[in-house]
Amino acid sequence: MADKLVIVESPAKANTIGKFLGKGYKIVASVGHVRDLPKSQMGVDIENDFTPKYITIRGKGDIISKLKKEAKNANTIYLATDPDREGEAISWHLANLLNIDNKEKCRVTFNEITKNAVKNAIKSPRQINMDLVDAQQARRVLDRIVGYKISPLLWKKVKKGLSAGRVQSVTTRLICDREEEIEKFVPEEYWTITARLQKEGVKSPFDAKFYGLDNKKAELKSEEEVNKILDEIKNTVFKVQKVKKGEKKKNPNAPFTTSTMQQEASRKLGFSTKKTMIVAQQLYEGIEVKGVGAVGLVTYIRTDSTRVSDEAQNQTSEYIKEKFGESFLPKTKNIFKNKSASQDAHECIRPTSVEMDPQSIKESLSKEQYRLYKLIWDRFVASQMTPAVYDTINADIEAGKYLFKASGSTIKFQGFTILYQEGKDEEAEEGEIIIPELIEGEELKQKKIDPKQHFTQPPPRYTEASLVRTLEEKGIGRPSTYAPTITTILSRGYIVKEGKTLIPTELGKIVTDIMKNYFQDIVDVEFTAQMEQKLDKVEEGEKKWVEVMKNFYSQFVDVLKDAEDKIGNIEIPDEVTDEICEKCGRNMVIKMGRNGRFLACPGFPECRNAKPILVDAGVTCPKCGGKVYIKKTRKGRKYLGCENNNSEPKCDFMTWDMPSKENCPNCGNFLLKKYSGKKVQLRCSNENCDFMKTAERQEEEE
């Protein structure tokens, strides 16, 4: 019988740790939280210092019985839940259920699930940190009061099923405010002029862009201005006025935090924040690696810190020196600053061992695990390498009284870019731009002058990546809240996701307007960020959580009463579509269901016709010429299907592959794409045509 009991949250974590500790230890999982506030009521005694009323979570009775039985048979109990506020709170709840004294040293934490880390943690248990517990309690109680006080008001005044939340309402507001900016945006005309020039004796021409007049920058606002310049430089000699050569360095990016990992996984892998955290959790809790056994591949995945331990840094330096050479190793170690000292409780997200490179363990990982692990591994190793070095050249070129500028850069030393380049939310940065050796005073041949009309663009809609970046920059929420917040506002129907962009629905706009008009503080970005700072003060032992709650509630209760008195009943009309109900002829409307938006007949209950919303793929069926839609299976997997799949005469065209932008050179039908690493295979959608080719993934997606 094991005399030492270790309790963790998940069975996967228990399995990994069990293989490290061996005999004498029993490792069991609580399967997440065991106690929480009740769902049927607010569960907070506001009059009695906001005392929370915790109850056993439904369905956890058998697990708790097992934990109590194992605890009774053990001489020593270790609570090894995650090393953050929530993990500390779970340990505190477990200690209460198992009658473990708060002063007992029963709490063990580790930043990575490796043999050394786990064994060292077991050697030095500590007491439960009540400051961490109180910070989590304050967040839970605060969110419960906001949600359970405002949500019923929305049900009463607007419609049932709506919800408000301290973080979710601010996040929805950000998306609604951005949409309002886009709608109000008035584009302004502007022009550019690009001169294609050629140096004598050099085959390849290069581009120089119009800068201004008499060495002063000028903006071109109209076609008349442009035509005047074109007339004047038509037969003018282009002459090199000044050449400046230099060198620039590009430093590596910091290793991942939770936020930057979610952003980069969205940009490069197309993962949602929710998917990123699910896969990252699997990598953290442990994977059965062939020839190694169960091991956590990455460090703790909920962190604001970019700190790297000395041990990890030394190991990585040796690896870089061996694999890439000494020139890729900086003379002094790369140190990345955190935004605040309070965010340094953990390390960055990094591989637990750089020796376990992604390719060597690929067969032990699922496709998604491999892609995310490679992203984490590449980013971390690159962060410990030397900067990339570029030779730069900038030339001022005169054409009469007008000035054009040309700039270029060539890679001199790859540095960290040999391994990793950060993704971009907007258009990718240009790569190398080659400009020939230019000499001051030499004349250049004018090959072509290209004027272009442009219009200023509105700010882009948020993607999950850019939204997470904004939440982090503004101090809204914490690493553990980004993914569930976005998931919640999607499931409530406040926003929809089209491609990668997040767009507010009419419902989201109405609820946001109510919150802005009657609960200004709740949806105020500054207020929300200040509340996060107060919770940090509780965690650091500088503030008492009850004091924070009292200060908040004394203002909130008056605002709530005022809103109840002033908000009238609000009717939210259904969004009418052009889709005609084939059963009764009415225009169908968009409704929200458990699985998101769908089309329904407004004649319910007389007409119960309903169907999914289909996205036009923008191509025609190679079999019957009908429209092709992007459809989803019940489990959410996307596929292409003809509009006539269910009509007469029936068309059976269907494929799991998505359409590319190219058409088949043989038969003219659209090509389908299938990804394989950095390559994409393109094949004809017409089953009677055997055209097929392979292209670079980046090129095909541009």
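So the sequence shown is residues 1 to 702, counted in full-length UniProt numbering.
All C-beta atoms in this analysis are idealised placements derived from N, C-alpha and C, irrespective of residue type, glycine included.
Contacts around residue i, its chain only, beta-carbon distance under 7 Å, and the 5 residues preceding and following it disregarded
| i | result |
| --- | --- |
| residue 530 | none |
| residue 56 | 34, 35 and 64 |
| residue 15 | 286 and 294 |
| residue 507 | 493, 494 and 572 |
| residue 384 | 313, 316, 317, 320 and 334 |
| residue 487 | 274 |
| residue 643 | 626, 627 and 629 |
Beta-carbon spacing of residue i, residue j below 8 Å
| i | j | result |
| --- | --- | --- |
| residue 71 | residue 98 | yes |
| residue 142 | residue 519 | no |
| residue 251 | residue 387 | yes |
| residue 472 | residue 266 | no |
| residue 50 | residue 546 | yes |
| residue 434 | residue 408 | yes |
| residue 570 | residue 510 | yes |
| residue 346 | residue 300 | yes |
| residue 658 | residue 640 | yes |
| residue 167 | residue 512 | no |
| residue 399 | residue 243 | no |
| residue 146 | residue 88 | no |
| residue 437 | residue 411 | no |
Presumed contact (8 Å Cβ cut-off) between residue i and residue j, rounded CB distance
| i | j | result |
| --- | --- | --- |
| residue 722 | residue 397 | Residue 722 falls outside the range modelled here, since the chain spans only 1 to 702, and no answer is possible. |
| residue 503 | residue 9 | So it is not a contact: roughly 35 Å between Cβ atoms. |
| residue 196 | residue 450 | 7 Å |
| residue 20 | residue 158 | Not quite, the Cβ-Cβ distance comes to about 53 Å (not below 8 Å), so this is no contact. |
| residue 26 | residue 74 | 7 Å |
| residue 210 | residue 404 | 6 Å |
| residue 423 | residue 673 | That pair is no contact at about 20 Å. |
| residue 380 | residue 255 | 5 Å |
Exposure of residue i, with buried meaning 16 or more beta-carbon neighbours within 10 Å
| i | result |
| --- | --- |
| residue 149 | buried |
| residue 351 | buried |
| residue 675 | exposed |
| residue 543 | buried |
| residue 664 | buried |
| residue 304 | buried |
| residue 257 | buried |
| residue 666 | exposed |
| residue 683 | buried |
| residue 703 | This structure leaves residue 703 out entirely; the chain is present only between 1 and 702. |
| residue 685 | buried |
| residue 45 | exposed |
| residue 669 | buried |
| residue 82 | buried |
| residue 687 | exposed |
| residue 139 | buried |
| residue 332 | exposed |
| residue 92 | buried |
| residue 539 | buried |
| residue 584 | exposed |
| residue 85 | buried |
| residue 221 | exposed |
| residue 580 | exposed |
| residue 439 | exposed |
| residue 238 | buried |
| residue 457 | exposed |
| residue 6 | buried |
Own chain residues within Cβ distance below 8 Å of residue i, not counting five before or after
| i | result |
| --- | --- |
| residue 591 | 574, 597, 598, 599, 600 and 610 |
| residue 516 | 173 and 523 |
| residue 151 | 162, 163 and 164 |
| residue 125 | 78, 105, 106, 107 and 108 |
| residue 692 | 681, 682, 683 and 684 |
Contacts around residue i, its chain only, beta-carbon distance under 6 Å, and the 5 residues preceding and following it disregarded
| i | result |
| --- | --- |
| residue 528 | 170 and 476 |
| residue 110 | 117, 118 and 121 |
| residue 261 | 349 |
| residue 13 | 285 |
| residue 694 | 679 and 681 |
| residue 290 | 364 |
| residue 18 | 27 |
| residue 277 | 483 |
| residue 541 | 131 |
Neighbour flag for residue i against chain C, beta carbons, 8 Å
| i | result |
| --- | --- |
| residue 38 | The structure shown contains no chain C; it holds only a single protein chain. |
Counting Cβ pairs closer than 8 Å, one from the region 14 to 33 and one from the region 53 to 70, do we hit at least three?
-> With the cut-off at 8 Å, the region 14 to 33 and the region 53 to 70 touch.
Counting Cβ pairs closer than 8 Å, one from the region 312 to 321 and one from the region 228 to 245, do we hit at least three?
-> no
If we count Cβ pairs, one from each stretch, closer than 8 Å, do we get three or more for the region 258 to 275 versus the region 464 to 476?
-> yes
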